[in-house]
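Protein chains: 2
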Amino acid sequence: MDNQMLNELKERYNIVFQDVTLLEQALTHSSYVNEHRNMQLSDNERLEFLGDAILELQVSDYLYRQYPELPEGKLTRLRSAIVREDSLSKFAKECHFDRYVMLGKGEENSGGRNRAALLCDLFESFLGALYLDQGYEAALRFVQQVIFPRVAAGDFLREMDHKTRLQEVLQRSGDVTIEYRLTNEEGPAHERIFTTEVYVDGRLIGSGQGKSKKLAEQDAAANALASLES
Amino acid sequence: MDNQMLNELKERYNIVFQDVTLLEQALTHSSYVNEHRNMQLSDNERLEFLGDAILELQVSDYLYRQYPELPEGKLTRLRSAIVREDSLSKFAKECHFDRYVMLGKGEENSGGRNRAALLCDLFESFLGALYLDQGYEAALRFVQQVIFPRVAAGDFLREMDHKTRLQEVLQRSGDVTIEYRLTNEEGPAHERIFTTEVYVDGRLIGSGQGKSKKLAEQDAAANALASLES
């Protein structure tokens, strides 16, 4: 096992594996096993199976409690955005797992070390190994360090519709009242245009137009978000 | 809350909810909420979101430990068979959740009480409520009572290929050696037929034929299973 990896895990995440072979297995890609059959190694695929389910519950539990007003459909969308391949592959890189993964030569030469699917699996297999070595709470502490701050910062809210996202952004700093006011309606019945303004605690923060009230509100929220974030 | 439900939960599963409103919410279908808007009820959909992830981890962890030799692909198939709609809807009925779910009239009249999707959601929302009320271990104890005995009895192994299934069935009562012996090969090259026998600890338990060695082994395993189970 690479000592640098062990040091990094300890320094950055305060993680010390009791059973280092579990960590080694988490970092062993099947391509490496196939090229070293005489070594009787195990690849990380079973750990990934386990880690996937651990992450799913930890993220679900976090979202459930953090967003008490979000309906199931939006919770599901937000969860998908967090646990999907390209998100997890970025987290794996951030944790430097790409530096330590053991690959076969073919996989290495074809750029496997930067392949999102491989890195995503790596993140999950690491989590599976940590869970087996130290239990659910230890795996949770790691996810709390690596993933939840990003969720809290709103990194995944872009998956949401504009009104939901505006609400989450505004409520980060406490309870606020958001109100949409229809201010104009014009044009013939089949081509009606609605204009809506959005207010936070009575203060105008954006306006928008659309072919229905709903679309006008979404447009107003999008414009408010754009001006808040600019 | 129906007292009979509370009694049943206590008697059959030794479960006593501290916060009965969680249990009520788990049993409240959205159709009921829609027909009783004045009551300001919450439906069970957010609990189902949570319960789904709890079950996924509990089943994954169980399979990971119970089947140390099963590769990831087969673990995934087995897990899917256990947590899929028609399996969970049967577990929900077994727990009598169908008797206590609160439905709107429309849903009731269209047979919602027997609809697999609704019952599956109900099982998951119950698990979510139990988890929030009493934690992961309490939810696990319930799953250990209701689901795992069925997995251990082999109810879901029919999802596996015949060789895997035969292995799991035979190894339930301890370690055994399973051997496939090619006993015959005949016919022209493009229409070759292979005959294979399968032995457990040296005893012949089945034989089969096929157009490849692999297919002949699967056939032998299927025949061995059929005679073991008859």
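Protein sequences, first through last, are from chains X and U.
The letter at position 114 of the first sequence is residue 114 when you use our numbering, and the numbering goes up by one with no holes.
Each number in our numbering corresponds to the 1-based position in the second sequence with 1000 added.
C-beta: ideal position from N, C-alpha, C; glycine also.
These numbers were taken from a predicted model, which means no experiment stands behind them.
Same chain only: Cβ atoms within 8 Å of residue i, ignoring 5 sequence neighbours per side
i                 : result
Ile1178 (chain U) : Leu1166, Gln1167, Leu1170, Val1198, Tyr1199 and Val1200
Tyr131 (chain X)  : Leu50, Gly51, Ile54, Ala138 and Ala139
Gly135 (chain X)  : none
Asp98 (chain X)   : Ala92, Arg113, Asn114, Leu119 and Leu122
Gly1174 (chain U) : none
For residue i, three-class secondary structure by DSSP
i                 : result
Ile1082 (chain U) : helix
Met1160 (chain U) : coil
Phe1017 (chain U) : coil
Leu1041 (chain U) : coil
Glu1072 (chain U) : helix
Leu182 (chain X)  : strand
Gly1208 (chain U) : strand
Val1200 (chain U) : strand
Ile54 (chain X)   : helix
Beta-carbon contacts of residue i that lie in its chain and below 7 Å, excluding the five residues immediately before and after
i                 : result
Tyr13 (chain X)   : Phe142 and Gln145
Ala117 (chain X)  : Glu85
Val101 (chain X)  : Leu27, His29, Arg113 and Leu122
Gln1209 (chain U) : Ile1193, Phe1194, Thr1195, Ala1216 and Asp1219
Arg1002 (chain U) : Note that residue 1002 (chain U) is Asp in the sequence shown here, rather than Arg. For Asp1002 (chain U), where only same-chain residues beyond five positions count, the Cβ hits under 7 Å are Tyr1100.
Leu182 (chain X)  : Phe194, Thr196 and Lys213
Beta-carbon proximity of residue i to residue j, cut-off 8 Å
i                 : j                 : result
Lys93 (chain X)   : Leu119 (chain X)  : yes
Glu1045 (chain U) : Pro71 (chain X)   : yes
Gly1128 (chain U) : Ala1026 (chain U) : yes
Leu57 (chain X)   : Leu75 (chain X)   : no
Asp19 (chain X)   : Asp133 (chain X)  : yes
Ser1207 (chain U) : Thr1195 (chain U) : yes
Ser31 (chain X)   : Gly111 (chain X)  : no
Anticipated Cβ contact below 8 Å, residue i with residue j, distance rounded
i                 : j                 : result
Ile205 (chain X)  : Phe156 (chain X)  : 22 Å between Cβ atoms; not a contact.
Asp1043 (chain U) : Thr1028 (chain U) : 5 Å
Asp1052 (chain U) : Glu1124 (chain U) : 5 Å
Ala1226 (chain U) : Tyr1180 (chain U) : That pair is no contact at about 16 Å.
Phe1091 (chain U) : Ile1015 (chain U) : With 8 Å as the limit, Phe1091 (chain U) and Ile1015 (chain U) do not qualify as a contact, their Cβ atoms being about 15 Å apart.
Leu1078 (chain U) : Glu1159 (chain U) : 6 Å
Glu8 (chain X)    : His96 (chain X)   : 6 Å
Exposure label - residue i; buried when at least 16 CB within 10 Å
i                 : result
Lys1010 (chain U) : exposed
Gln4 (chain X)    : exposed
Ala1152 (chain U) : exposed
Ser1089 (chain U) : buried
Gln40 (chain X)   : exposed
Val59 (chain X)   : buried
Thr1164 (chain U) : buried
Ser230 (chain X)  : exposed
Ser80 (chain X)   : exposed
Ser1087 (chain U) : buried
Close-in-space but distant-in-sequence residues of the same chain around residue i (CB under 6 Å, 5 per side omitted)
i                 : result
Glu35 (chain X)   : Gly104
Glu1186 (chain U) : Ile1193
Arg33 (chain X)   : The residue asked about is misnamed: residue 33 (chain X) is Val in this sequence, not Arg. Within the same chain, Val33 (chain X) has close Cβ partners Leu41 and Asp43.
Val1176 (chain U) : Leu1170, Val1200 and Asp1201
Asn1184 (chain U) : Thr1195
Phe17 (chain X)   : Leu23 and Asp133
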